[in-house]
Structures are given as structure tokens and as C-alpha cells.
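Undergrad:
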Amino acid sequence: MGMKTEEKLIVKGKRLDGRKPDEIREIEMKVGGIPNANGSAQVKFGDTVVIAGVYGPRPLFPKHLQRSDRAIIQCRYNMAPFSVEDRARPGPSRRSIEISKVTRLALEPALFLEDYPETVVDVYIEVLQADGSTRVTGINAASLALADAGVPMNDLVVAVSGGKVDNTIIIDLCGKEDNYSLADMPVAYMPRKKEITLFQMDGGLTSEEVKQIIKNILKSGEKVYEKQKEALKKKYAE
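Have a look at this one:
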């Protein structure tokens, strides 16, 4: 959620990039690409480009950090300095630390971590180009990278953002919409289990607006889920 703007973001029922309010951007997904990682993926939502690499499960040191009953997952979300017009400051910010944490929480329910006690799974997410919805794009990329790494999962995790601009409910916010939205609501879920793993809201929404956003996200999430499965099939069909 961001500042006010005099510019209309919804004109004659269309957004600035020509989309309808309930329409997501063009999606591209590719599995693999980081040779030294156990699993990796690149995901594009419009002009937002994110890569993710997974390392592990591997022994966790020092040993006092180990869990005897399960693996632990560590996530690191980072925006490359060149990912935005105004050069991002290198190193972790409060925002990147918060997104790293919620990404871990969004992914954990999909993983059989108890199969790998005393180990760690490291997930690195790098935003190469930012044009809104980087958090959910990163979760989609990380989910693919975990599957590519062979980490046992009971489902993929799908993530889509929703929000409100010009008093209109929209999904998959681009950068300008992200900056000037009245509300922003990223959601992640497991489609097969129909279980929400991330729900955040910044800004004011009525209960009916929240229900409408979730409905639109679940509908558009079907397309994201199919893209994820296609990307995995393509990798292993080659």
C-alpha cells in the first residue's frame, strides 16, 4: 500500500496496462538454470522477474541449531540493486527480512520436513526486476525450485496478490498499483489441499471485499498452478 496519486489507475474499466480488474499478467516459468543449486526456477509476472535457488536438504551446522524431529527451512529474499529504477541499497532491509520470514511460513506447510531430521533446506530468492507483486512471485519461484530439488511436497504453493485501487478490487498488482493502492493483500495456498498458507493485508478492506479478492485469487491461481506443473513437466521431459 502506498501514496496518493492524481493519476487514475482504472479508466473505463481497464487498468493502465490494459488488463481487466480480475486479470493477471502474462506468466512465464522455467525450472532449472542455476547449475550449482539442488533446484532452481525463474518466474515472470509481467515485468517482475524473480529467480529462486534451493540447496539441501543438507546437514545443519552448528549442531545445536538442528531439530531432531525435522528439517528446518531457511529463506532469504533479496532485491538486486538493479531491480528497481532507484538503485536498491545492498544488504537485508526490514522489508526483505519480513518477506523472508513470511515466505518460509508460506512454504513450510507443503513440505515433509519430518523426512529429513537434523538437516536444513536453504531457499534463496533474488528479485532481478521489480514491477509489483515481488513477494508472491518469489513464493511461486521458490515452490518450483523446491520441487526441482526433489524435496518431498504434498502440493505446490501458489501465490497471487490482490488489492484495491480507485475503489476497484484488482489482482496481481503491478508496480504503480502497488505504490498507490488503497489496500494490498498477498495470498498463498496449496490448490490440491485448498489450504491457505499465507494471508496478509495492508490497508482497509471490508469483509465482502476480502471475500471477493480471495475468490478472484483462487480463480487466477488455477492458471498459475497449471503453469507451475507445465514448467516442471517440461524440465523433466527434456
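All the letters of the sequence shown, read from the start, carry residue numbers 11 to 248 under this note's numbering.
Ideal Cβ positions, reconstructed from N, Cα and C, are used throughout, including at glycine.
As the structure is a computational prediction, the values presented were derived from the model and not from experiment.
In the region 55-131, which residue ranges form an unbroken alpha helix (DSSP H) of at least 4 residues, counting only runs that do not cross its ends?
TA: 104-117, all fully within the region 55-131.
Undergrad: Rounded to whole angstroms, what is the Cα-Cα separation between PRO196 and ARG29?
TA: Whole-angstrom Cα-Cα distance: 19 Å.
Undergrad: On the premise that VAL130 lies in contact with GLN66, defined as a C-beta separation below 8 Å, what is that separation, rounded to the nearest angstrom?
TA: According to the sequence provided, residue 66 is Gly. The question's Gln does not apply to it. The Cβ separation is near 6 Å, so the contact holds.
Undergrad: With LYS237 and MET39 assumed to form a contact (beta carbons below 8 Å), what rounded beta-carbon distance in angstroms separates them?
TA: About 5 Å separates the two Cβ atoms, so the contact holds.
Undergrad: For ILE83, count the other beta carbons within 10 Å of its own beta carbon; 16 or more makes it buried, fewer makes it exposed. Which is it?
TA: Under this definition ILE83 is a buried residue.
Undergrad: Within the chosen definition, does the region 145-155 reach the region 187-204 through at least 3 CB pairs nearer than 8 Å?
TA: Judged by Cβ distances under 8 Å, the region 145-155 makes contact with the region 187-204, as three or more pairs qualify.
Undergrad: Between the region 153-163 and the region 47-55, can you find at least three pairs of beta-carbon atoms closer than 8 Å?
TA: With a cut-off of 8 Å, the region 153-163 and the region 47-55 count as touching, because enough Cβ pairs lie within range.
Undergrad: For THR207, count neighbouring Cβ atoms within 10 angstroms of its own Cβ and tell me buried if that reaches 16, exposed if not.
TA: THR207 comes out buried.
Undergrad: What does the Cβ neighbour count give for PRO119, buried or exposed, with the cut at 16 atoms within 10 Å?
TA: With 16 or more Cβ atoms within 10 Å of its Cβ, PRO119 is classed as buried.
Undergrad: Which word fits ALA247, buried or exposed, when buried means at least 16 other C-beta atoms lie within 10 angstroms of its C-beta?
TA: Exposed is the call here.
Undergrad: Look up GLY173 in the DSSP assignment and give the residues it is bridged to.
TA: ILE180 and ASP194, per the DSSP bridge assignment.
Undergrad: Check whether the Cβ atoms of ARG86 and TYR134 sit closer than 8 Å, and answer yes or no.
TA: Yes, Cβ-Cβ distance for ARG86 and TYR134 is below 8 Å.
Undergrad: How many Å lie between ALA241 and VAL41 at the Cα?
TA: Straight-line Cα distance between these residues: approximately 6 Å.
Undergrad: Pick from VAL167, ALA140 and SER171: whose alpha carbon is nearest that of ALA90?
TA: For the residues VAL167, ALA140 and SER171, the minimum Cα distance to ALA90 belongs to ALA140.
Undergrad: Using 10 angstroms around the beta-carbon of THR216, count the other beta-carbons present and answer buried if the total reaches 16, otherwise exposed.
TA: Classification of THR216: exposed, given that the 10 Å Cβ count is below 16.
Undergrad: What beta strand (DSSP E) runs, 3 residues minimum, are completely inside the region 25-50?
TA: Whole beta strand (DSSP E) segments, 3+ residues: 37-41.
Undergrad: With DSSP run on the structure shown, which of helix, strand or coil describes GLN238?
TA: Helix at GLN238.
Undergrad: On the CB-based measure, 16 or more other CB atoms within 10 Å of its CB, does PHE71 come out buried or exposed?
TA: Per the 10 Å Cβ criterion, exposed.
Undergrad: When the Cβ atoms of the region 218-234 are set against those of the region 171-190, are three or more pairs found closer than 8 Å?
TA: Contact between the region 218-234 and the region 171-190 is present, because at least three Cβ pairs lie under 8 Å.
Undergrad: Per DSSP, which one or two residues make a beta bridge with VAL168?
TA: TYR199, per the DSSP bridge assignment.
Undergrad: Inspect the beta-carbon positions of ARG68 and GLU128 and report whether they are closer than 8 Å.
TA: Cβ distance not < 8 Å, so ARG68 and GLU128 don't count as in contact.
Undergrad: Below 8 Å on the Cβ atoms is my contact criterion, and I expect LEU26 with LYS186 to pass it. Report the Cβ-Cβ distance as a whole number of Å.
TA: Correct: roughly 6 Å between the Cβ atoms.
Undergrad: Thinking C-alpha only, which one of SER93, SER171 and VAL167 is nearest LEU138?
TA: The residue with the shortest Cα to Cα distance from LEU138 is SER93.
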